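**Student:**
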Amino acid sequence: MSNIKLGKFPSTRLRRLRMKDFTRRMISENNLSVNDLIWPIFVCEGNNIADEIKSMPGVFRYSINNILKELETVINLKIPAVALFPQVENSLKDENGSQAVDENNLICRSIKAIKQNFPDLGVICDVALDPYTNHGHDGIIVDDVIHNDATLEILEQQALVQAVAGCDIIAPSDMMDGRIGRIRNILDQNKYENTLILSYAAKYASKFYGPFRDAISSSGNLKGGSKSSYQMDVANSNEALREVALDIKEGADMVMIKPGMPYLDVIQRVKSEFQVPTFAYQVSGEYSMIKGAVNNGWLESKVIKESLLSFKRAGADGILTYFAKQIAEELKNE
Ligand code: PBG
1107 MSNIKLGKFP
1117 STRLRRLRMK
1127 DFTRRMISEN
1137 NLSVNDLIWP
1147 IFVCEGNNIA
1157 DEIKSMPGVF
1167 RYSINNILKE
1177 LETVINLKIP
1187 AVALFPQVEN
1197 SLKDENGSQA
1207 VDENNLICRS
1217 IKAIKQNFPD
1227 LGVICDVALD
1237 PYTNHGHDGI
1247 IVDDVIHNDA
1257 TLEILEQQAL
1267 VQAVAGCDII
1277 APSDMMDGRI
1287 GRIRNILDQN
1297 KYENTLILSY
1307 AAKYASKFYG
1317 PFRDAISSSG
1327 NLKGGSKSSY
1337 QMDVANSNEA
1347 LREVALDIKE
1357 GADMVMIKPG
1367 MPYLDVIQRV
1377 KSEFQVPTFA
1387 YQVSGEYSMI
1397 KGAVNNGWLE
1407 SKVIKESLLS
1417 FKRAGADGIL
1427 TYFAKQIAEE
1437 LKNE
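Each position in the sequence shown, counted from 1, maps to that position plus 1106 in the numbering used here.
(1) Count the other C-beta atoms from every protein chain shown that fall within 10 angstroms of the C-beta of Lys1377, then say buried if there are 16 or more, exposed otherwise.
(2) Using 7 angstroms as the cut-off, classify the Cβ of Ala1271 as near or not near the heavy atoms of ligand 1, replying yes or no.
(3) Would you mind working out which of Ala1321, Gly1287 and Tyr1310 sits nearest Glu1195, comparing C-alpha positions?
(4) At what residues does the alpha helix (DSSP H) containing Glu1345 begin and finish?
(5) Would a C-beta distance cut-off of 8 angstroms place Ala1430 and Ile1144 closer than the cut-off?
(6) Rounded to a whole number of angstroms, what is the C-alpha to C-alpha distance between Val1270 and Pro1186?
(7) When we look at the beta-carbon of Leu1112 and count the other beta-carbons within 10 Å, is it buried (16 or more) or exposed?
(8) Sort Val1267, Asp1226, Arg1215 and Ser1334 by Cα distance to Asn1244 and report the nearest one.
(9) Are the CB atoms of Ile1292 and Ala1265 within a distance shorter than 8 angstroms?
(10) Thinking C-alpha only, which one of Asn1402, Leu1235, Ile1181 and Leu1123 is nearest Ile1133?
(11) Going straight from the alpha carbon of Ala1346 to that of His1241, what length do you get?
(12) Could you check the C-alpha separation between Gly1424 and Phe1385 for me, to the nearest Å?
(13) Name the two residues that bound the continuous beta strand (DSSP E) containing Thr1384.
(14) Around the Cβ of Arg1348, are there at least 16 other Cβ atoms within 10 angstroms (buried) or fewer (exposed)?
(15) When DSSP builds the beta bridges, which residues end up paired with Phe1082?
(16) Candidates Leu1302, Asn1202 and Asp1274: which alpha carbon is nearest Leu1258's?
(17) Express the C-alpha separation of Asn1172 and Asp1232 in angstroms, rounding to a whole number.
(18) Which runs of the alpha helix (DSSP H), 4 residues or longer, sit entirely within the stretch 1113 to 1199?
(19) Between the beta-carbon of Val1149 and the beta-carbon of Ser1216, is there less than 8 angstroms?
(20) What would DSSP say about Val1340, mapped onto helix, strand or coil?
(21) In terms of alpha-carbon separation, which member of Leu1227, Ser1332, Tyr1298 and Asp1294 lies closest to Val1251?
(22) Any contact between the stretch 1386 to 1396 and the stretch 1360 to 1378? By contact I mean 3 or more CB pairs, one from each, below 8 angstroms.
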């Protein structure tokens, strides 16, 4: 774009368009709607439980009966989908994350309860072993490495039990190579060809996930402390395009970039390169930074909407955000 062609001061004055509210609204290029929001929720065992997560003020772990209560508001607000994450009891965690493939595990019971009560609400579930392993990694360990192909065997079963329970969108967040193809294949073989796959395609080895690991109680466990042998190097962006290209070829319907705000450049590159439905995850650490500053009076709460709009500007079609309910309420009252 050449500035010369677009005009010259004083005949061109960009402030003219900004002078009044009605023109500002007319020329606004991006817009946040409730349809853009996906609400991640943490589920735990028990009854009537709403446990606030220390490092995420205002975010709770809910037992299934309380999730159903929360979802009434979600339905009223017309939030299209929720993403479920389980806090698995320590006694059920093991080396191979075997709870992940139990058709009666916490997540499968949650899906069934949600689908029974709210059949039209979109349900998204992670496929990864970290909530289920006693070492906190997303895959299984063979000879001290996270073994890619051995992990695939379990992930495809995990995806299948979730699809059978009624999950609409399977969201592999494990970053093993080849998992999208394997999951697509097992779903198709079992007549779940209409179950969607939202791939966490470009997922970085980020420290912004810290509070999430508290929420699902996997942080204390994390052996070696780092997921960098499978999640992406935070310095890379060409590699993100290769990850996304592979996942689309293997059958992903939608792709995700994660974390969100520190990776807006990656969202923009992915969207302009592939033009597929592209999602961003404003992760736990991003939530906690913003919420912490707002709660302390250091920032105005309007920064929340500003942060979400930045994803739309970058080209995201939707955003997973812990602010979803709060913002949907604001949007409704506008
Ligand atoms: C599990 C998973 C993580 C998140 C979503 N799915 C954590 C991780 O990979 O360690 C992070 C979400 C957040 O921080 O809000 N694989």
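Quick reminder that beta carbons are idealized off the backbone N, C-alpha and C, glycines included.
Please read all numbers here as calculations on a predicted model, not as lab measurements.
**Tutor:** In short:
(1) Counting from one through the sequence shown, the residue named residue 1377 turns up at place 271. Residue burial is scored here from C-beta neighbours: Lys1377 has at least 16 other C-beta atoms within 10 angstroms and is therefore classed as buried.
(2) Along the sequence shown, read from residue 1 onward, the residue named residue 1271 stands at position 165. No, since every heavy atom of ligand 1 falls outside the 7 angstroms radius drawn around the Cβ of Ala1271.
(3) In the sequence shown, counting from the first residue as 1, residue 1195 sits at position 89. Its Cα nearest to that of Glu1195, the residue Ala1321 stands out among Ala1321, Gly1287 and Tyr1310.
(4) Along the sequence shown, one-based indexing puts residue 1345 at 239. Asn1344 to Glu1356 is the span of the alpha helix (DSSP H), which, as asked, contains Glu1345.
(5) Taking the first residue of the sequence shown as position 1, residue 1430 is located at position 324. Taking the first residue of the sequence shown as position 1, residue 1144 is located at position 38. Yes, they are a contact pair.
(6) Taking the sequence shown and counting its residues from 1, the one referred to as residue 1270 is at position 164. Taking the sequence shown and counting its residues from 1, the one referred to as residue 1186 is at position 80. Approximately 21 angstroms between the Cα atoms of the pair.
(7) Working through the sequence shown from its first residue, we reach residue 1112 at position 6. Its Cβ having fewer than 16 others within 10 Å, Leu1112 is exposed.
(8) The residue given as residue 1244 occupies position 138 in the sequence shown. The displayed chain sequence assigns Asp, not Asn, to residue 1244. Distances from the alpha-carbon of Asp1244 to those of Val1267, Asp1226, Arg1215 and Ser1334 put Ser1334 closest.
(9) Within the sequence shown, numbered from 1, the residue matching residue 1265 stands at position 159. Within the sequence shown, numbered from 1, the residue matching residue 1292 stands at position 186. Yes. Within cutoff.
(10) Reading the sequence shown from its first residue, position 27 is the one you call residue 1133. Cα-wise, what sits closest to Ile1133 is Leu1123.
(11) For the purposes of this step, residue 1346 is taken as residue 240 along the sequence shown, with counting starting at 1. For the purposes of this step, residue 1241 is taken as residue 135 along the sequence shown, with counting starting at 1. For Ala1346 and His1241, the distance between alpha carbons rounds to 27 angstroms.
(12) As a working mapping, residue 1424 is identified with position 318 in the sequence shown. As a working mapping, residue 1385 is identified with position 279 in the sequence shown. Looking at the two C-alpha atoms, the distance is approximately 5 angstroms.
(13) Counted from its first residue, the sequence shown places residue 1384 at position 278. Counting along the chain, the unbroken beta strand (DSSP E) around Thr1384 starts and ends at Thr1384 to Gln1388.
(14) Mapped onto the sequence shown, residue 1348 falls at position 242. It is exposed - the Cβ of Arg1348 has fewer than 16 other Cβ atoms within 10 Å.
(15) Within the shown structure, residues of the chain are numbered from 1107 to 1440, placing residue 1082 beyond reach of any answer.
(16) On the sequence shown, residue 1258 is found 152 positions in, with the first residue counted as 1. If we check each option's Cα against that of Leu1258, Asn1202 comes out closest.
(17) By one-based count along the sequence shown, residue 1232 stands at place 126. By one-based count along the sequence shown, residue 1172 stands at place 66. Roughly 20 angstroms between the two C-alpha positions.
(18) Segments of the alpha helix (DSSP H) lying fully in the stretch 1113 to 1199: 1127 to 1132 and 1170 to 1183.
(19) Start at 1 with the first residue of the sequence shown, and residue 1149 comes out as number 43. Start at 1 with the first residue of the sequence shown, and residue 1216 comes out as number 110. Their beta carbons are under 8 angstroms apart, which means Val1149 touches Ser1216 by this criterion.
(20) Counting from one through the sequence shown, the residue named residue 1340 turns up at place 234. Looking at Val1340 - three-state DSSP - the assignment turns out to be coil, as it is neither helix nor strand.
(21) As a working note, residue 1251 is residue 145 in the sequence shown. Selection Leu1227, Ser1332, Tyr1298 and Asp1294 evaluated against Val1251 yields Ser1332 as nearest (Cα-Cα).
(22) Yes, the stretch 1386 to 1396 is in contact with the stretch 1360 to 1378.
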